[in-house]
DNA sequence: ATCATAAATGCGCTTGCACGCATATGCGCA
DNA sequence: TGCGCATATGCGTGCAAGCGCATTTATGAT
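So, in structure tokens, the structure goes:
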């Protein structure tokens, strides 16, 4: 119960949801990139990433002056399924807008 | 985007998540039953149900002095899939506790 | 050593939301 | 009409969380 709730709370924020969407391509993304793409301040993004990390959704790795974030490959399958469903829903609604 | 976020916010609250879990059996449940089962005050439960209704997850029907809530059968499939995934995750974690 | 870039964090502010209590409203029944 | 049960809502309170700004920490280059 706890972990699912934590995951939901973490996702229920526009910037974090957008970040998850980007990170869900499986590749690594530094904070500075997310800041640029999502148009938020550096400190905000850093804290948002801490929330996602705390929720177990992403992992990070130091690489020179950058910190590279990516989706946590060890995320339990049931939780990954939640995120997949959410992203599918997002894609569906944006497709509807485009149509 | 908006609807998925609204749904996530609605789900990211313990009492509402528990209520959705109960309501997801497809049957009707009056507020008084939810109050009893979930152990919250009547006013709280009423407001929580208003949030779930606003998010499009449930519908209500007046029946004499009761208001019967049930899952919205017209909920878009992508959103229903999110909820199903969340409930599956909840069941998985409770099964792990039991094992 | 100094400087620049990237990221995290301390701090204070503000807003949103959950909460309880009291009250209003809707409905059935006597 | 008056009473009782079910539900909704107005209102005030407290806490959690988002926010920006400034600063610190980490790393690399000159």
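Protein chains in written order, with the UniProt record's numbering: chain A, 1 to 99; chain B, 1 to 99.
Glycine included, every Cβ here is placed at the ideal spot set by N, Cα and C.
All values derive from a computational prediction rather than experimental measurement.
In chain A, which residues lie with their C-beta within 8 Å of the C-beta of residue i?
i              : result
residue 79(B)  : 89
residue 9(B)   : 12
residue 100(B) : Chain B is shown from 1 up to 99; residue 100(B) falls before or after that span and cannot be answered.
What does residue i reach in chain B if we use C-beta pairs closer than 9 Å?
i             : result
residue 75(A) : The contacting residues do not exist; residue 75(A) stays about 11 Å from chain B at best.
Given that residue i touches chain A, what residues does it touch there, using C-beta distances under 9 Å?
i             : result
residue 93(B) : 1, 2, 3, 4, 76 and 78
residue 40(B) : None at all; the shortest Cβ gap to chain A is about 16 Å.
residue 17(B) : 1, 4, 5 and 8
When burial is assigned at 16 or more other CB atoms within 10 Å of the CB, is residue i buried or exposed?
i             : result
residue 2(A)  : exposed
residue 58(B) : buried
residue 65(B) : exposed
residue 50(B) : exposed
residue 98(A) : exposed
residue 71(A) : buried
Please name the residue in the options whose C-alpha comes closest to that of residue i.
i             : options                       : result
residue 10(A) : 96(A), 66(A), 47(A) and 61(A) : 47(A)
residue 53(B) : 94(B), 75(B) and 87(B)        : 75(B)
residue 13(B) : 5(A), 90(A), 39(A) and 40(A)  : 5(A)
residue 8(A)  : 90(B), 96(B), 97(B) and 94(B) : 90(B)
residue 42(A) : 27(A), 15(A) and 95(A)        : 15(A)
residue 21(A) : 85(A), 96(A) and 98(A)        : 85(A)
residue 78(A) : 68(A), 61(A), 56(A) and 93(A) : 56(A)
residue 92(A) : 69(B), 82(B) and 87(B)        : 82(B)
residue 27(B) : 73(B), 17(B) and 40(B)        : 73(B)
residue 62(A) : 37(A), 44(A), 30(A) and 40(A) : 30(A)
residue 67(B) : 25(B), 17(B), 18(B) and 34(B) : 34(B)
residue 25(B) : 87(B), 32(B), 96(B) and 44(B) : 87(B)
Practice item. Would you mind listing the alpha helix (DSSP H) stretches within the UniProt domain "HTH arsR-type" (1-94) of chain B that are 4+ residues and don't spill past its ends, in chain order? Key: 2-11, 14-23, 31-38 and 42-54
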